[in-house]
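The next block holds one structure in the form of structure tokens; read it before the comments.
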């Protein structure tokens, strides 16, 4: 069915132009050629028939520079020409020394970027390591027809090449849809358990936001060059710990106080959102926190594979597999269904209803933390508004995926597909160049009609039975 | 599987919705700015015709200043399509219903994947949007920011006012109507918002130049709603009846009726943002001066900058294209209000 839908999109979309950049050498000469073959330096883009790029072979010196902030460096040993990194032993477990190579030179700069002399090294703000390498540049003489080139940017000396791809069926777009869905699909895996219990969790967006902010505070305190082996596990642990605590509070208060989870999680939604706003203001005097180790962002969660960024999608798939296994293949999963189907009966069969409920809310909180960690890594920052109104999207994904708000029914795979369908709606509107204001109308209508039809079918099947 | 029933239904609804939207997309708000004729063929089908697709992302669809920016962008697209030989400009309006930097980042990525040539964006959070905008620039998309900048994103230019200068201008106007003496209070919203911090800094710096004006007290409020702002002003004025001047670095309290009762009788008021409701306060004489930003120009000028780069390979002389302020007084408020009819497309 899904493939059928995708085919429909593919059929109804014109190809689009996908662009890539070619940065030209500083000595390359670029001539724009009109339809009569005359060369020009510049004129309006529609008049360009071809781009002629010429370069004579030469050898150039390329200077490579690495700068290390003083706070990241404990000391420099001039005898062994080694920089010793600062920070605690845990961060530096795998990468504590930088040994300079023979062809590298080191200089010391103060906070204003001025070179320091050997007698004033106490003011070091930056350790600057430089090396010069010689690079042979080959000659080049090529003419590109304007159909192969989108445009030439003379300021950046860059040619933008272009190729036609299907607007929908291209890997960038497909991974993008799955990636955008992944942040709330991961939470929807937990929400499926909550809804099967006939419960609800309105605080998932706020848990996501708070986990992201706390995780961001920890990450921004790490040295920039912290290894991903350190940064990723710490961030995942911190975010998931915050989420777990919030989820545990939801479950414990709901079960312990005997108050409907709608009320408890509604209250927690406000409390946690308040904390999400107050904490960065108090500690950082800002609305957002950035400055994470690059090993955590582009080195892991936003690592590029063949032109796309699939890590959040992989996390979503792994979470869905684990969630599916837990709900359908374990005793705990069967207990969740039993409680959602008939809580009183479940109690009489000896199922620890309270414990199961608390655990389900706790797992949902932990998954909010996991999703928040993926968000931090992908976007490289956290803002106080993170996850605002996520609860609606998560519940919508779960319900579209077949979960019944009356409890006792729902699947993890359905919830993940529900999240992807919601993103498909967004993507479709963009592909067809429709104002995104229509998005909410379409999504709302899809949810209502899908659930009404589903429930009608259920009633008919019940009557027949 | 039982779960597939609602999925099938939702999927079918989605495909129906998509097909319906294909049919009606020509009449939607993101219609091509250049499609002023009734011909079914688009310009890009014709050989030698270049189509510039520009995505415009504002902070939220519910804020009237961005509606003005939207109309400015569409008007620029339409005008440039008529003026440029062999080129058509399409505007794609992609703006979240409420402020959400993550959704903006997703729109940036989706617009790039759909093949746009340029993006004009007002950044809800520069930190969060920088990597998405960098990736867009790396793929050859021309990025211009307006209203709120992301300076480390590699964008070609920023168009808007200088926030510190805006604060200074508010204080300059206030000092003028106060006769350069009195006690001033400053009203600001979220104290952590960097643009508001810069405006407050501007107010304080300018105030220090007047001997007869005491160092102003700064009052902030959260959340940034009109009622919270109005309540804060009332409380402060009641507790400090000797306040004779208010510098509002945002127009929040003026989006309610009668927010200034008990205040305007005792103090002069100068505010940012001459929107429709604040203009009514100016017309009644309760607010003496309103300092405006180029709301319509945010869209219009940003599109112009992008098209200049795409069509003529021309960049602005400076990355920062700083706009002038509109100064609206009680005398000019009625005339200025007519602009909103144009900016909001009511004419």
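Residue numbers (the numbering used here), protein chains in the order written: chain A, 5 to 469; chain B, 234 to 580.
Think of the CB as a built atom: it goes at the ideal place given N, C-alpha and C, for glycine as much as any other residue.
Since the structure is predicted, the reported quantities are computational estimates derived from the model, not experimental observations.
Supposed contact pair residue j and residue i - C-beta distance, whole angstroms, cut 8 Å
i: residue 417 (chain B); j: residue 449 (chain B); result: 4 Å
i: residue 217 (chain A); j: residue 283 (chain A); result: 6 Å
i: residue 554 (chain B); j: residue 390 (chain B); result: 5 Å
i: residue 413 (chain B); j: residue 445 (chain B); result: 5 Å
i: residue 162 (chain A); j: residue 152 (chain A); result: Contact flag wrong, Cβ pair sits at about 15 Å.
i: residue 207 (chain A); j: residue 276 (chain A); result: 6 Å
i: residue 344 (chain A); j: residue 201 (chain A); result: 5 Å
i: residue 354 (chain B); j: residue 337 (chain B); result: 7 Å
i: residue 228 (chain A); j: residue 298 (chain A); result: 7 Å
i: residue 130 (chain A); j: residue 78 (chain A); result: So it is not a contact: roughly 15 Å between Cβ atoms.
Proximity below 7 Å, CB of residue i to CB of residue j
i: residue 212 (chain A); j: residue 352 (chain A); result: no
i: residue 401 (chain B); j: residue 386 (chain B); result: no
i: residue 332 (chain B); j: residue 364 (chain B); result: no
i: residue 186 (chain A); j: residue 273 (chain A); result: no
i: residue 350 (chain B); j: residue 531 (chain B); result: no
i: residue 198 (chain A); j: residue 362 (chain A); result: no
i: residue 430 (chain B); j: residue 405 (chain B); result: no
i: residue 292 (chain A); j: residue 360 (chain B); result: yes
i: residue 486 (chain B); j: residue 500 (chain B); result: no
i: residue 257 (chain A); j: residue 374 (chain A); result: no
i: residue 451 (chain A); j: residue 422 (chain A); result: no
i: residue 497 (chain B); j: residue 519 (chain B); result: yes
i: residue 455 (chain B); j: residue 423 (chain B); result: yes
i: residue 226 (chain A); j: residue 235 (chain A); result: yes
i: residue 177 (chain A); j: residue 346 (chain B); result: yes
i: residue 455 (chain A); j: residue 331 (chain A); result: no
i: residue 247 (chain A); j: residue 215 (chain A); result: yes
i: residue 402 (chain A); j: residue 419 (chain A); result: yes
i: residue 523 (chain B); j: residue 504 (chain B); result: yes
Segment limits, beta strand (DSSP E) that includes residue i
i: residue 112 (chain A); result: 108-113
i: residue 162 (chain A); result: 162-170
i: residue 449 (chain A); result: Not the beta strand (DSSP E): residue 449 (chain A) falls in the alpha helix (DSSP H), residues 441-468.
i: residue 517 (chain B); result: Here residue 517 (chain B) belongs to no beta strand (DSSP E); instead the alpha helix (DSSP H) covers 509-517.
i: residue 89 (chain A); result: 86-89
i: residue 379 (chain B); result: 375-379
i: residue 39 (chain A); result: Counting along the chain, residue 39 (chain A) falls outside any beta strand (DSSP E), and DSSP gives it neither H nor E.
Residues of its chain near residue i, where Cβ-Cβ distance is below 8 Å and the 5 sequence neighbours each way are ignored
i: residue 433 (chain B); result: 400, 419, 421, 451 and 482
i: residue 516 (chain B); result: 563, 566, 567 and 570
i: residue 19 (chain A); result: 168, 169, 170 and 171
i: residue 49 (chain A); result: 155
Same chain only: Cβ atoms within 6 Å of residue i, ignoring 5 sequence neighbours per side
i: residue 317 (chain A); result: 182, 183 and 186
i: residue 85 (chain A); result: 104
i: residue 408 (chain B); result: 443
i: residue 396 (chain B); result: 428, 431 and 432
i: residue 441 (chain B); result: none
i: residue 279 (chain B); result: Because the pLDDT at residue 279 (chain B) is just 43, under 50, the model does not fix this residue reliably, and the point stays unresolved.
i: residue 313 (chain B); result: 322 and 540
i: residue 62 (chain A); result: 141
Amino acids of chain A, ordered along the chain, whose beta-carbon sits closer than 9 Å to that of residue i
i: residue 535 (chain B); result: Per Cβ cutoff of 9 Å: no residues; residue 535 (chain B) is ~18 Å from chain A at best.
i: residue 306 (chain B); result: Near residue 306 (chain B) there are no residues of chain A at all, since even the closest Cβ is about 13 Å away, more than 9 Å.
i: residue 372 (chain B); result: 22, 23, 24, 25 and 164
i: residue 318 (chain B); result: 48, 50 and 51
Amino acids of chain B, ordered along the chain, whose beta-carbon sits closer than 9 Å to that of residue i
i: residue 348 (chain A); result: Within chain B, no residue comes near residue 348 (chain A); the closest Cβ sits about 24 Å away, beyond 9 Å.
Chain-ordered chain A contacts of residue i [CB-CB under 7 Å]
i: residue 426 (chain B); result: 291
i: residue 283 (chain B); result: 49 and 50
i: residue 545 (chain B); result: 48
i: residue 333 (chain B); result: 389 and 392
Sequence-distant residues of its chain with Cβ nearer than 7 Å to residue i (five each side left out)
i: residue 119 (chain A); result: 111 and 113
i: residue 276 (chain B); result: Since pLDDT at residue 276 (chain B) reaches only 39, below the 50 mark, its modelled position is unreliable, and no value is offered.
i: residue 541 (chain B); result: 547
i: residue 239 (chain A); result: 219, 222, 223, 300, 377 and 380
i: residue 146 (chain A); result: 57
i: residue 301 (chain B); result: 528, 529, 576 and 577
Range of the contiguous alpha helix (DSSP H) that encloses residue i
i: residue 199 (chain B); result: Nothing can be reported for residue 199 (chain B): it is not among the residues displayed for chain B, which extend from 234 to 580.
i: residue 348 (chain A); result: 347-352
i: residue 366 (chain B); result: 359-371
i: residue 443 (chain B); result: Looking at the DSSP string, residue 443 (chain B) is not in any alpha helix (DSSP H), and its letter there is neither H nor E.
Closer than 6 Å: residue i CB and nearest the ligand FMN heavy atom
i: residue 89 (chain A); result: Absent from the structure shown: the ligand FMN. Ligands present: none.
Under 8 Å by beta carbon: chain A residues contacting residue i
i: residue 344 (chain B); result: 434
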